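> First, the structure itself, so that you have it in front of you.
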Amino acid sequence: MATSDKDPRDDTDESSATDEDGNEERAGDTDDNADDNADDNANDEGKTVEQKNAAEPTQSATEATVGRKLGDSTAKKGDKGAAIAKPGKTAPSGRASKPGAKRSARNPRPKIDPAQAVPLRPKGGSLGKSVLLFVVVVGGLAAGFALLGREQGGGGRPAAAAWKPGQTVDVEITLVKQDRDELTCASPNEIKGRRCAQERANKPWETPGDNDDKKLLKPYTTTQGAELLAAGLWTEPAMSSNLPSVRFSVKCKFTVEGIVSQPAIRWGSDKPFYDSPSNWPAGVVSGCTVIP
Numbered sequence: 029m030a031t032s033d034k035d036p037r038d039d040t041d042e043s044s045a046t047d048e049d050g051n052e053e054r055a056g057d058t059d060d061n062a063d064d065n066a067d068d069n070a071n072d073e074g075k076t077v078e079q080k081n082a083a084e085p086t087q088s089a090t091e092a093t094v095g096r097k098l099g100d101s102t103a104k105k106g107d108k109g110a111a112i113a114k115p116g117k118t119a120p121s122g123r124a125s126k127p128g129a130k131r132s133a134r135n136p137r138p139k140i141d142p143a144q145a146v147p148l149r150p151k152g153g154s155l156g157k158s159v160l161l162f163v164v165v166v167g168g169l170a171a172g173f174a175l176l177g178r179e180q181g182g183g184g185r186p187a188a189a190a191w192k193p194g195q196t197v198d199v200e201i202t203l204v205k206q207d208r209d210e211l212t213c214a215s216p217n218e219i220k221g222r223r224c225a226q227e228r229a230n231k232p233w234e235t236p237g238d239n240d241d242k243k244l245l246k247p248y249t250t251t252q253g254a255e256l257l258a259a260g261l262w263t264e265p266a267m268s269s270n271l272p273s274v275r276f277s278v279k280c281k282f283t284v285e286g287i288v289s290q291p292a293i294r295w296g297s298d299k300p301f302y303d304s305p306s307n308w309p310a311g312v313v314s315g316c317t318v319i320p
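Listed below in structure tokens is the structure:
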């Protein structure tokens, strides 16, 4: 039986050598991979940010499209909300929404000179009408009372005539036919035998007069407002005819014979005397003519 000349130790040595060679090859591969990774890292470090970003994979086309649609929809909603909430202000999307400002820029409002500005019509027209109506009513009442006073034979404070004794002047006396019995004066003064009906307002004469019209002074007022004491008016021929039933006037010649100081005057039999503060010219009238 033939025996192998090969030594088992040789096989063991070969196997060990083989294992060592394999380990060396794997170590070499590992070193090569490490070198490649080092080179890649070195290359990555040498690249710029733009190159790295370009090297990185981008989003898919679908994701980018969906993102843009969602962004546009959100921006449109923001623009509508801003336009509805505050028209004329800038919307969140950054679009200007001031049509008023644009119109103002295109058509600027002209400046108005204050001197040429039309003044506003004050309100309160009804108040002005009320005031006017009040003035008209008061004026009408005043005129009515003045006319009533004249119909009752005068009153008030007419202007004193600057007549002097000895003068004969033309006068126009205002009357109503009842004045024959209604007009009375009171004074202690006598002017050439002519006197008032009473000595004082509350005192008659001690020696009664004969009530001769040519000797009895009565108060009168002219159409110009002058005051006088005159006798003889009611015995004038013009006064004997039918007199008007309304107020009328009489034109006469008045001869001034003296001045009666502050007589008491009564314009109606049912009225009290009042003390006149002025001096009245006194005399006689003649040549009278009735003026209807």
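FYI, the working numbering numbers position 202 of the sequence shown as 230, with every residue one higher than the one before it. The beta-carbon is built from N, C-alpha and C at its ideal position, and this holds for glycine as well. The structure displayed is predicted, hence computed values, not measured ones.
Pick out whichever of K242, Q252 and E255 has its Cα sitting closest to the Cα of E264.
Of K242, Q252 and E255, the residue nearest in Cα terms is K242.
> Could you name the residues of the same chain whose beta carbon sits closer than 6 Å to that of V313, not counting the 5 residues immediately before and after it, in chain order?
So the list reads A258, G260, L261, C280 and F282, once near-sequence residues are dropped.
> Using only the alpha-carbon positions, how far apart do C316 and V284 sit?
Computed Cα separation, rounded: 16 Å.
> Any chance the stretch 219 to 232 sits against the stretch 198 to 207, with 3 or more Cβ pairs inside 8 Å?
Not touching, per the Cβ criterion.
> On the premise that I319 lies in contact with V274, defined as a C-beta separation below 8 Å, what is that separation, rounded to the nearest angstrom?
With 8 Å as the limit, V274 and I319 do not qualify as a contact, their Cβ atoms being about 12 Å apart.
> Exposed or buried, which one is Y302 when buried takes at least 16 other CB atoms within 10 Å?
By the 10 Å Cβ count, Y302 comes out exposed.
> Is it buried or exposed for P247, if we count other Cβ within 10 angstroms and need 16 for buried?
By the 10 Å Cβ count, P247 comes out buried.
> So, is E255 buried or exposed, given that buried needs 16 or more other C-beta atoms within 10 angstroms?
It counts as buried.
> For the putative contact between N230 and S289, defined by C-beta atoms under 8 Å, what is the C-beta separation to the nearest angstrom?
No, N230 and S289 are not in contact; Cβ-Cβ is about 18 Å, not under 8 Å.
> Pull up the DSSP beta-bridge partners for S289, would you.
N307, per the DSSP bridge assignment.
> With DSSP as the reference, please indicate the residues paired to C280 in a beta bridge.
For C280, which the question treats as bridged, DSSP gives the partners V199.
> Is the CB-CB distance between I201 and T250 below 8 Å?
Yes.
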